[in-house]
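Here's the structure we're looking at; comments come further down.
In the working numbering, the protein residues as written are -10 to 458.
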């Protein structure tokens, strides 16, 4: 395995996750039913399949949604994120099932994927629901999963809110554990760079885990350095509107393990309702994923015309041999290309429909904020007053104005925001304060001065470790 490229060696990580899950199933005797949280469906498909689940005692699989699932087996396993509403819903469902079974032995198990609730908080909730001794709790930490070529993720959608807004650092341990597992597979890096308070805590947690002797340093050509950077080190990259195809699709529509779901109204009724972003299997996406969004549609138009020309060739085939050669060599590729083009064209139409004419105005306001130009406050107030921006777009602009140090007129912008979206979002504005993005301070006289203030606040949290030579 040491001779394999880094990407190939990292393919052991999904196998580790699968082994941990199947080990939990093996420790639950007899056959059982599995109820899966919809939020975990896509990540689960990254490391295991139906065949493996069946081989380890899973008889029936259900999608965990509101409403009770018929009890067909006394042993039921719930696989879900440790989010309060979901855990409480499952516990209440178990309580109702116990009452319906009239004393029959019901053996429920909860497998919790790290979320906003700690293991202690879950146990306390179990006690509140009077289910102590009746429910068995297991934990499952996902390893890094591959989303695309060179792109691996833990897929923790609740991490940003928990860490930056609520100040809950519970998720730092599973993050540190995943990076520890990465180093077990690739070897310890020669250089470890951590920037930010939470990044430093992650490094400290990793050092507490036991290290086998053969992971003292990385093998040649594998893991040379590992950089861990907190999200709040570079807030502008969070708040700025992206311009590349993949980033804009993710921000406007959202994705779950590379799966993008949308209900397109721009295309025909037969238009796809989603797309799977993977450059290994989709050659069109491989070309456009890092293109500027304005360059994507012209490229798709060119490929569509080429596809039409290929279709015209078959109608002009002069002999059966030419037709046979076309069917053998090009027909399958043409069908796949046609499907891919239809999906990406529908995605482009949906994105354009969602962002509308406000896209250019937002970029102008963002550029003015970054360069410290006068008039940016008026520009943002006009955008808010016109009611063309979504709530998330408004919040990103508010965050960008704050991080750029434009705080002297910030209250006027906040007032316009609340007038356009309602005072119910005062709590949302309060979240900006919890993240340190709404701080009353004197604005600097230049953009250089504001950048210097940010750098001064952040450099104290840099940690560099040399783990080997």
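Ideal Cβ placement from N, Cα and C applies to all residues, glycine included. It should be emphasised that the depicted structure is a prediction, and the values quoted were computed from it without experimental measurement.
Determine the DSSP secondary structure at residue 119, reduced to helix, strand or coil.
coil
Do you know offhand how far residue 133's Cα is from residue 245's?
Each residue's Cα considered, the two are about 14 Å apart.
Could you work out which residue in 111, 47 and 46 is closest to residue 70 when comparing CA atoms only?
111
Distance, Cα to Cα, residue 113 vs residue 121?
9 Å
Simplified DSSP assignment, three categories, for residue -2
helix
Cα-Cα separation, residue 143 to residue 301
Rounded to whole angstroms, residue 143 to residue 301 spans 46 Å at the Cα level.
Between which two residues does the beta strand (DSSP E) holding residue 100 run?
96 to 102
Closest by C-alpha distance to residue 336, when choosing among 236, 124, 168 and 351:
For the residues 236, 124, 168 and 351, the minimum Cα distance to residue 336 belongs to 236.
So, with DSSP's three-state summary, where would you put residue -7?
coil
Grab me the residues of residue 192's own chain with a C-beta within less than 6 Å of its C-beta, minus the 5 sequence neighbours each way, in chain order.
The answer, listed in chain order, is 183.
Can you check DSSP and say which residues form a bridge with residue 6?
In DSSP, residue 6 forms no bridge with anything.
Once the 5 residues before and after residue 198 are set aside, which same chain residues still bring their CB inside 8 Å of it?
165, 166 and 169
Touch test, the region 347 to 358 against the region 222 to 232, Cβ-Cβ under 8 Å, three pairs minimum
yes
Residue 47 (DSSP reduced to helix, strand or coil):
strand
Just to confirm my understanding: we take residue 1, look at its own chain, exclude 5 residues before and 5 after, and list those with CB closer than 6 Å. What are they?
Counting only Cβ-Cβ distances below 6 Å, and skipping sequence neighbours, we find 174.
Please tell me whether residue 26 and residue 68 are closer than 9 Å, where the distance is taken between their beta carbons.
yes
Is residue 251 closer than 9 Å to residue 348 when the C-beta atoms are compared?
no
Per the contact definition of three or more C-beta pairs closer than 8 Å, is the region 26 to 38 in contact with the region 81 to 89?
Touching, no, given that fewer than three Cβ pairs across the two stretches are closer than 8 Å.
Among the residues of its own chain, which have a CB less than 7 Å from the CB of residue 248, if the five just before and after it don't count?
31, 263 and 265
Anyone know if the C-beta pair for residue 380 and residue 404 falls short of 9 Å?
Their beta carbons are not under 9 Å apart, which means residue 380 does not touch residue 404 by this criterion.
Residue 221, buried or exposed, once every other Cβ within 10 Å from all chains shown has been counted against 16
buried
Just curious, the alpha helix (DSSP H) that residue 327 is in, first and last residue?
321 to 344
For residue 193, would you say it is in contact with chain D, using Cβ-to-Cβ distances shorter than 9 Å as the test?
Among the protein chains of the structure shown there is no chain D, as only one such chain exists.
Check the C-beta distance from residue 398 over to residue 267 and give it rounded, since I have them as a contact under 8 Å.
About 45 Å; that fails the 8 Å criterion.
For residue 147, which residues of its own chain have a beta-carbon under 6 Å away from its beta-carbon, when the five flanking residues on both sides are left out?
Answer for residue 147: 104 and 105, listed in chain order.
What is the residue span of the alpha helix (DSSP H) that residue 353 lies within?
Annotation: the continuous alpha helix (DSSP H) that includes residue 353 extends over 347 to 360.
Whole angstroms is fine: what's the gap from residue 253's alpha carbon to residue 333's?
Reliability fails at residue 253, whose pLDDT of 49 lies under 50, so the model's placement of it is uncertain and the value that follows must be treated cautiously. Going by the C-alpha atoms only, they are around 12 Å apart.
In whole angstroms, what separates the C-alpha of residue 420 from that of residue 154?
6 Å
Does DSSP classify residue 184 as helix, strand or coil?
strand
Out of 89, 85, 54 and 62, which one is the CA nearest neighbour of residue 74?
Ranking 89, 85, 54 and 62 by Cα distance to residue 74 puts 54 first.
With DSSP collapsed to three states, give me the class of residue 390.
DSSP places residue 390 in helix when its eight states are reduced to three.
Within the region 18 to 44, ranges of the beta strand (DSSP E) (whole runs, at least 3 residues)
21 to 25
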